[in-house]
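Undergrad: Here's a structure for you.
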Amino acid sequence: MAQNDAKKALATKLAQLQLKTDGAAMADQLTGSAVQPIVAGWSQRLDETVPPARQKDVRDKLDVELKKFADNTHKAVEAQVGKSAEAALVPIFMEKLSEDEMKTIIAYMESPASAKLQALGADATDAWAKRIIETTRSQVEAGAKTFESAANRIVGAAGGSGSGGNSPAKK
Numbered sequence: 000m001a002q003n004d005a006k007k008a009l010a011t012k013l014a015q016l017q018l019k020t021d022g023a024a025m026a027d028q029l030t031g032s033a034v035q036p037i038v039a040g041w042s043q044r045l046d047e048t049v050p051p052a053r054q055k056d057v058r059d060k061l062d063v064e065l066k067k068f069a070d071n072t073h074k075a076v077e078a079q080v081g082k083s084a085e086a087a088l089v090p091i092f093m094e095k096l097s098e099d100e101m102k103t104i105i106a107y108m109e110s111p112a113s114a115k116l117q118a119l120g121a122d123a124t125d126a127w128a129k130r131i132i133e134t135t136r137s138q139v140e141a142g143a144k145t146f147e148s149a150a151n152r153i154v155g156a157a158g159g160s161g162s163g164g165n166s167p168a169k170k
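One point on numbering: in numbering that gives the first Met the number 0, the residue at position 15 of the sequence shown is 14, and numbering is uninterrupted.
Next up, the structure:
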């Protein structure tokens, strides 16, 4: 029984470290996944139903309401991220990791090397993303042009206006 208690204590500590490391990013990601479809839906609805001359005013009012929704959603999600970490993670850690493995992981997560790696995270990710963007830019741009051309043909044919050469305005 004492061994199981020791393992549970390690699993709990590991869950707390995981929360500290990933909790804020998870709250942001989950909030974004709740907000994004609403933004997309209302943006399209605004474009389709509100005259262009009134869109800026309506968009500004929607932005105020969207900020309220996003802030309230983030608070609710953030509260649950903290409350649910141990309940969700401890059983998984207990089942999938040995006591020695948890000790090793905890020692690493508490080490200066781990802190240094975490601090490098944004810079390393940015450098990696820039490299990917640089090496795929021409391919992505060519694909976007091909899509725009096909979309304009499809929309132009469906609309029957023959003015299928207009790209949608960037937002």
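Don't be surprised by glycine CBs; every beta carbon is placed ideally from N, CA and C.
For T20, count the other beta carbons within 10 Å of its own beta carbon; 16 or more makes it buried, fewer makes it exposed. Which is it?
TA: exposed
Undergrad: For G81, which option in R152, T11, V154, I153 has the closest C-alpha, if you only look at C-alpha atoms?
TA: T11
Undergrad: Thinking C-beta only, is Q17 closer than 8 Å to L96?
TA: Against a cut-off of 8 Å, the Cβ pair of Q17 and L96 comes out as no contact.
Undergrad: Any chance the stretch 59 to 72 sits against the stretch 99 to 106, with 3 or more Cβ pairs inside 8 Å?
TA: no
Undergrad: Just mark T48 as buried or exposed, buried being the case when its beta carbon has 16 or more other beta carbons within 10 Å.
TA: exposed
Undergrad: In or out: L9 buried (at least 16 other Cβ within 10 Å) or exposed?
TA: buried
Undergrad: Do you know whose CA, among V38, A33, F92, lies nearest K6's CA?
TA: F92
Undergrad: Give me, in chain order, the residues of the same chain whose beta-carbon lies closer than 7 Å to that of Q54; leave out the 5 immediate sequence neighbours on both sides.
TA: L45
Undergrad: Which value, in whole angstroms, describes the spacing of the CA atoms of V154 and K144?
TA: 15 Å
Undergrad: Buried or exposed for R152, going by 16 or more other Cβ atoms inside 10 Å?
TA: exposed
Undergrad: Got a sec, what are the start and stop residues for the alpha helix (DSSP H) V215 sits in?
TA: The chain is shown only over 0 to 170; residue 215 falls outside these bounds and no answer can be derived.
Undergrad: By how many angstroms is the C-alpha of A149 removed from the C-alpha of S162?
TA: In this prediction, S162 has a pLDDT of 46, which is less than 50 and means its spatial position is unreliable; what the coordinates show is noted afterwards. S162 and A149: Cα-Cα distance of roughly 13 Å.
Undergrad: From which residue to which residue does the alpha helix (DSSP H) around S42 run?
TA: 1 to 48
Undergrad: Determine the closest residue to A23 out of K74, S110, A52, with distance taken between C-alpha atoms.
TA: Residue K74 is the option with its Cα nearest to A23.
Undergrad: For Q43 and A118, what's the separation of their Cα atoms in angstroms?
TA: 39 Å
Undergrad: Relative to the C-alpha of L13, which candidate in F146, S137, I105 has its C-alpha closest?
TA: I105
Undergrad: Going by Cα to Cα distance, which pick from G31, A26, M108, A141 is closest to S83?
TA: A26
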